[in-house]
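Residue numbers (my numbering): -1 to 144. Cβ coordinates follow ideal geometry from the N, Cα and C atoms, glycine included.
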């Protein structure tokens, strides 16, 4: 096919395919749109699901090795325990007494853990809401605007 017979759209697509950085950006943008469309299934909690007792909970780390050094194929988390210091701030410490396995495809969600533990991939805000879930739901508005 000669270049003279290509429409302007076809010429733009041809130039886009040659640019590796543009293709990488297009792939990232497609992943972000996919995540925002399916935010209700990807996020572990609804965006306004609160756990006030866990305000400013730090991010939850996924583990494959337990406290004894044994490997587990299924990832798990440890819950956090907190206490107040002399300035009435919450001090969170990892409670390694019980492991909570991360379960996949649970309750119309991609992943989650059993109660009373909660998984916070990016931490929690002042009202104990999961920041990862809130960012996914917020991306719907941001990506729909432009």
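Span separating the alpha-carbon of residue i from that of residue j
| i | j | result |
| --- | --- | --- |
| residue 70 | residue 17 | 42 Å |
| residue 90 | residue 55 | 7 Å |
| residue 141 | residue 41 | 17 Å |
| residue 118 | residue 97 | 15 Å |
| residue 146 | residue 104 | This structure cannot speak to residue 146, because the chain is shown only from -1 to 144. |
| residue 58 | residue 121 | 7 Å |
Enclosing alpha helix (DSSP H) for residue i [first to last residue]
| i | result |
| --- | --- |
| residue 38 | 37 to 40 |
| residue 136 | 129 to 143 |
Which of helix, strand or coil DSSP assigns to residue i
| i | result |
| --- | --- |
| residue 99 | strand |
| residue 7 | helix |
| residue 33 | helix |
| residue 16 | helix |
| residue 52 | helix |
| residue 62 | strand |
| residue 122 | strand |
Exposed unless 16 or more other CB atoms sit within 10 angstroms - verdict on residue i
| i | result |
| --- | --- |
| residue 24 | exposed |
| residue 34 | buried |
| residue 77 | buried |
| residue 52 | buried |
Continuous beta strand (DSSP E) stretch holding residue i: start and end
| i | result |
| --- | --- |
| residue 73 | 69 to 82 |
| residue 110 | 107 to 110 |
Presumed contact (8 Å Cβ cut-off) between residue i and residue j, rounded CB distance
| i | j | result |
| --- | --- | --- |
| residue 100 | residue 75 | 6 Å |
| residue 46 | residue 127 | 7 Å |
| residue 107 | residue 49 | No, residue 107 and residue 49 are not in contact; Cβ-Cβ is about 16 Å, not under 8 Å. |
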